[in-house]
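Numbering (the working numbering), first residue to last: 1 to 295. Reviewing the structure listed below.
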Ligand SMILES: [Zn+2]
Ligand SMILES: [Zn+2]
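Given below as structure tokens:
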């Protein structure tokens, strides 16, 4: 069980201008574990048809590693409709899988993701052993296996908040910070960590992809390096994990439990950045795109 603390104020009453911007995100709360192929996971084994070739890097936009064309992609996420039914599953599918190439690709020097939507009952005989990551793949780009515990929380935009609304809430935000010590951007707005839906966990200005049909794509999910960062302790550390966080800081030794809570998958995407995956649900084949940023 992982519970995000409530804000110490009534958001609707203090920030009525934000009501229309409230979105629900599903924090996945990855924790190191041994997920089975039948479970939702980060970095776990995937439900994969035995007769379907494992995807490999096609080499497009590969930087410095032309020899790595053809390397196997690595499992990043498997999400079952049983656990995250709010995903926009295309008709007839109930599994979402995200893989990526663990080498740097243009234009952001970051892994290149690939999505597969499947129907569990149609998979048939399953692949038993996933290919091992290429020996030169950075361990920072190969997520450690984690089990998930989805939790729905309400978010409000930070980078995505229109400038004119920001100026309307500025005064109230200052008061809340003075009275409660909670900052709008870090504690009240966008949930950090690996999550589905809600606002992208941008660390830079928003850059929403537009589908070829002309529609702005929807934020499908964020794969963030950290579950929370300094300054996020007020809000995004689950209540159940707080006892283990006592005395932590960024200089704590690696065997301090904070490391397994703050970075359970052992990722380092650029400078603690994130990969944001977007999808167009107006087009039947659900085209997708991604963005990467970091601090
Ligand atoms: Zn590649
Ligand atoms: Zn489209």
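The C-beta atom is built at its ideal place from N, Cα and C for all residues, glycine as well. Just so it is clear, the structure is predicted and the values come from calculations on it, not from any experiment.
query, result
"Would you say residue 197 reaches chain C, if we count a Cβ-Cβ gap shorter than 9 Å as a contact?", "Structure shown: chain C not included; a single protein chain is present."
"What residue range does the beta strand (DSSP E) around residue 97 cover?", "95–105"
"With respect to 8 Å, is the separation between the Cβ of residue 290 and the closest non-hydrogen atom of ligand 1 below this value?", "no"
"Relative to the C-alpha of residue 111, which candidate in 295, 74, 83 has its C-alpha closest?", "74"
"Would you check if there are 3 or more beta carbon pairs closer than 8 Å linking the segment 148–163 to the segment 21–39?", "yes"
"For my contact list, residue 284 and residue 211 are in at a C-beta cut-off of 8 Å; report their separation, rounded to the angstrom.", "At roughly 12 Å, the Cβ-Cβ gap does not stay under 8 Å, so residue 284 and residue 211 are not in contact."
"Once the 5 residues before and after residue 123 are set aside, which same chain residues still bring their CB inside 6 Å of it?", "47, 49"
"Given a threshold of 16 other Cβ atoms within 10 Å of its Cβ, counted over all protein chains shown, does residue 25 qualify as buried or as exposed?", "buried"
"If distances are taken between C-alpha atoms only, which option among 226, 51, 201, 235 comes closest to residue 180?", "235"
"Evaluate contact between the segment 120–135 and the segment 151–164, counting only Cβ atoms and requiring at least three cross-stretch pairs below 8 Å.", "no"
"With DSSP run on the structure shown, which of helix, strand or coil describes residue 14?", "helix"
"According to the neighbour-count rule (16 or more other Cβ atoms, all chains shown, within 10 Å of its Cβ), is residue 262 buried or exposed?", "buried"
"Would you report the Cα separation of residue 121 and residue 271, rounded to the nearest angstrom?", "40 Å"
"Identify the residues that DSSP records as bridge partners of residue 278: which are they?", "219, 289"
"Out of 99, 116, 100, which has the shortest C-alpha to C-alpha gap to residue 93?", "116"
"Do residue 200 and residue 274 have their CB atoms nearer than 9 Å?", "yes"
"Looking at ligand 2, does it come within less than 8 Å of residue 287, judged from the CB to the closest heavy atom?", "yes"
"What is the DSSP secondary structure of residue 37, reduced to helix, strand or coil?", "coil"
"To the nearest angstrom, report how far apart residue 52 and residue 125 are at their CA atoms.", "10 Å"
"Would residue 265 pass as a contact of residue 143 if the rule is Cβ separation under 9 Å?", "yes"
"With a floor of 3 residues, list each beta strand (DSSP E) that falls wholly inside the segment 196–241, ordered by position along the chain.", "218–224"
"Kindly provide the ranges of any beta strand (DSSP E) runs that are 3 or more residues long and lie completely inside the segment 77–164, ordered along the chain.", "95–105, 110–118, 151–155"
"So, for residue 232: in the same chain, excluding its five sequence neighbours on each side, which residues have a beta-carbon less than 8 Å away from its beta-carbon?", "186, 187, 192"
"Would you say the segment 37–47 touches the segment 235–245, given that touching needs at least three Cβ pairs under 8 Å?", "no"
"Sorted by chain position, which residues of the same chain lie with C-beta nearer than 8 Å to residue 259's C-beta, five sequence neighbours on each side aside?", "252"
"Kindly examine ligand 1 and report whether one of its heavy atoms sits closer than 8 Å to the Cβ of residue 74.", "no"
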